[in-house]
Amino acid sequence: MIVSGTSIEGRIRRVVGALCLALATGAPTPSGAQVPPNPADTLRAALDRSRALEDSAALAEAENAYGLLHWNQARYDSAVAHLQEARSIWTALNDSVGLGRVNNNLGAAHYQWGNLEPALESFLRALSVRRALGDDRGVSLVLSNMGLTFRDWGLFERAREAMQEAVATGDQAGDPFVRGYARNNLGLVLLAMGDLAGARAAFQESLVIYETPDPRITPAQARSGWGLNTHGLARVHLAEGDARRTVTILEELFGGSPEDARTGRQAQALVDLGLAYQATGATDRAVRILELALELSREAGQRTLTLDALDGLSRVHQVRGEPVAALAYLRRHESLRDSLVTQSGALQIAALEQRAEAERQADHIGRCRVPAGEARMKAKVALQPRHAVRHSDHEQTEDNYDRAADDVGFVAVLQQQLAKQSGARTKCNEHRAEAEHEQSAQYGRTDSAAVIGARAHGVRRLAGDVRDVRRD
Numbered sequence: 001m002i003v004s005g006t007s008i009e010g011r012i013r014r015v016v017g018a019l020c021l022a023l024a025t026g027a028p029t030p031s032g033a034q035v036p037p038n039p040a041d042t043l044r045a046a047l048d049r050s051r052a053l054e055d056s057a058a059l060a061e062a063e064n065a066y067g068l069l070h071w072n073q074a075r076y077d078s079a080v081a082h083l084q085e086a087r088s089i090w091t092a093l094n095d096s097v098g099l100g101r102v103n104n105n106l107g108a109a110h111y112q113w114g115n116l117e118p119a120l121e122s123f124l125r126a127l128s129v130r131r132a133l134g135d136d137r138g139v140s141l142v143l144s145n146m147g148l149t150f151r152d153w154g155l156f157e158r159a160r161e162a163m164q165e166a167v168a169t170g171d172q173a174g175d176p177f178v179r180g181y182a183r184n185n186l187g188l189v190l191l192a193m194g195d196l197a198g199a200r201a202a203f204q205e206s207l208v209i210y211e212t213p214d215p216r217i218t219p220a221q222a223r224s225g226w227g228l229n230t231h232g233l234a235r236v237h238l239a240e241g242d243a244r245r246t247v248t249i250l251e252e253l254f255g256g257s258p259e260d261a262r263t264g265r266q267a268q269a270l271v272d273l274g275l276a277y278q279a280t281g282a283t284d285r286a287v288r289i290l291e292l293a294l295e296l297s298r299e300a301g302q303r304t305l306t307l308d309a310l311d312g313l314s315r316v317h318q319v320r321g322e323p324v325a326a327l328a329y330l331r332r333h334e335s336l337r338d339s340l341v342t343q344s345g346a347l348q349i350a351a352l353e354q355r356a357e358a359e360r361q362a363d364h365i366g367r368c369r370v371p372a373g374e375a376r377m378k379a380k381v382a383l384q385p386r387h388a389v390r391h392s393d394h395e396q397t398e399d400n401y402d403r404a405a406d407d408v409g410f411v412a413v414l415q416q417q418l419a420k421q422s423g424a425r426t427k428c429n430e431h432r433a434e435a436e437h438e439q440s441a442q443y444g445r446t447d448s449a450a451v452i453g454a455r456a457h458g459v460r461r462l463a464g465d466v467r468d469v470r471r472d
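Residue 91 in the working numbering sits at position 91 of the sequence shown, with consecutive numbering throughout.
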């Protein structure tokens, strides 16, 4: 990996030093045992210590780490606030390595929050920086994140291209975590495109990588990789019509008690389990599970998962012969979908790519002109405490889908490929036509207007002359 300015070792020493000064030991209990410090308390102390020492680099590291803590606890507004602070400091310091990391992390936070446009914008910035650094590992991670963003926009071919490059670049980097991550996300894209054989192969390859002992893969990452790929294979079985096998696998992932799920990151598995229950005829349980998925996704602010839960509830109620409820959920689904994707995905992406390229060129010119001393003076502004959105802190909860929030924003997840800048303008209309065609022809997380219209027509026919249905 090529780094600029401060070495990786120097970064680690700086932030670890701040943390050690902030930590001291945990408070003793009446029995004399030490209570482990709360991670949020530790990071707040590190922030205060970094400001007191006027150490901009350590402050940026602490802001980034605090943002990832909030991200891992599904508090995306707070995550974005802290990550933006880190980005401001690293921008002032002219720190390319830090900017590559924090832009990927910001993209991951926005993606989980359901804000696709700012997510893609951040991923594009991260990709530009990491390509310039020759950071194959980082490039693979960002491309994986961008691939899922393309998928959610309904641009499946671009998603597949991004994921194929992510796999190739990850293999070149040789990092097992990145190689497994890229293949898992490739499986998700191929599943959305209806390539079940390809999806199964990708999930199985990823599973083998995560299960192979390697000191570069932590036990938490290995467990997460196993859960994610097992879930992916269950989704393949569901798409193939083997709903009973899907139920068996997902119930095992939940320890036999899916009703006890308590985190937003379990919502996607609950949606799939609810649809599997419906396919086996257990529609009462399907409704309960999908309502739980809806509740958890809304509590966590994960709007793309809320979209899936609303779609599942509409389908189940239609099967149950309950057209009023089916139409109500369908309208809520349509309203939320329109709030997430308000324009043609291809046009938005082309505009974002052009903006990212303009910023990259302006940044390059600026770096040539701004002396290092002036950059350091600018960074001191960031040492002043700023108001950020913060919720009351609480301990993290763990589940089978809890991805460790590492230095590069391992998302949930999050995934795409940078379109060639020279062809962005000329291919804009072509991409738009491709998007509209794919959205109406293939299954994806975000239904097209054509699919929504067709389903709404079917529900209304079932309902007869239903007029008194409220919009949520």
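No residue lacks a Cβ here, since even glycine has one placed at the ideal position from N, Cα and C.
Give every residue of the same chain whose Cβ lies closer than 7 Å to the Cβ of residue i, excluding the five residues on either side of it in the sequence, and list them in chain order.
i: residue 131; result: 139
i: residue 90; result: 60, 98, 99 and 102
i: residue 167; result: 182, 183 and 186
i: residue 239; result: 191 and 196
i: residue 261; result: 254, 270, 292 and 296
i: residue 230; result: 249 and 253
i: residue 144; result: 163, 166, 181, 182, 185 and 415
Give the range of the alpha helix (DSSP H) segment to which residue i is assigned.
i: residue 246; result: 243 to 253
i: residue 290; result: 283 to 300
i: residue 322; result: First-last for residue 322: undefined, no H or E at that position.
i: residue 118; result: 116 to 133
i: residue 219; result: 219 to 239
i: residue 146; result: 136 to 152
i: residue 165; result: 156 to 173
i: residue 39; result: 39 to 53
i: residue 176; result: 176 to 192
i: residue 256; result: Residue 256 -> no alpha helix (DSSP H), and no H or E assigned at all.
i: residue 94; result: Neither: residue 94 is in no alpha helix (DSSP H) and is coded neither H nor E.
i: residue 274; result: 267 to 279
i: residue 200; result: 196 to 211
i: residue 57; result: 56 to 72
Identify, in the order they occur along the chain, each residue of the same chain with its Cβ nearer than 6 Å to the Cβ of residue i, setting aside the five sequence neighbours on each side.
i: residue 172; result: 136
i: residue 285; result: 277
i: residue 291; result: none
i: residue 279; result: 243
i: residue 288; result: none
i: residue 430; result: Residue placement at residue 430 is poorly supported in this model, since its pLDDT is 48, which falls under 50; the coordinates are not used for a value here.
i: residue 50; result: 18, 58, 59 and 62
So residue i and residue j are supposed to be a Cβ contact under 8 Å. How far apart are they, rounded?
i: residue 146; j: residue 123; result: 5 Å
i: residue 283; j: residue 315; result: 10 Å between Cβ atoms; not a contact.
i: residue 67; j: residue 86; result: 6 Å
i: residue 179; j: residue 170; result: 5 Å
i: residue 76; j: residue 241; result: 36 Å between Cβ atoms; not a contact.
i: residue 333; j: residue 325; result: Between residue 325 and residue 333 the Cβ distance is about 13 Å, and since that is not below 8 Å, they are no contact.
Apart from the five residues just before and just after residue i, which ones in its own chain have a Cβ nearer than 8 Å to its Cβ?
i: residue 164; result: 186
i: residue 216; result: 175, 176 and 177
Tell me whether residue i, by its Cβ, gets closer than 7 Å to a heavy atom of the ligand SAH.
i: residue 163; result: Inclusion of the ligand SAH in the displayed structure is not the case, the ligand content being empty and no account of it being possible.
At least three beta-carbon pairs within less than 8 Å, the segment 180 to 193 to the segment 151 to 171: yes
Three-pair Cβ contact test at 8 Å for the segment 96 to 116 versus the segment 62 to 76: yes
At least 3 beta-carbon pairs within less than 8 Å: the segment 260 to 270 vs the segment 282 to 298: yes
Three CB pairs or more closer than 8 Å across the segment 90 to 99 and the segment 48 to 61: These segments touch.
Any 3 or more C-beta pairs closer than 8 Å across the segment 301 to 311 and the segment 329 to 342: yes
The segment 205 to 212 touching the segment 221 to 231, judged by at least three CB pairs closer than 8 Å: A contact exists between the segment 205 to 212 and the segment 221 to 231.
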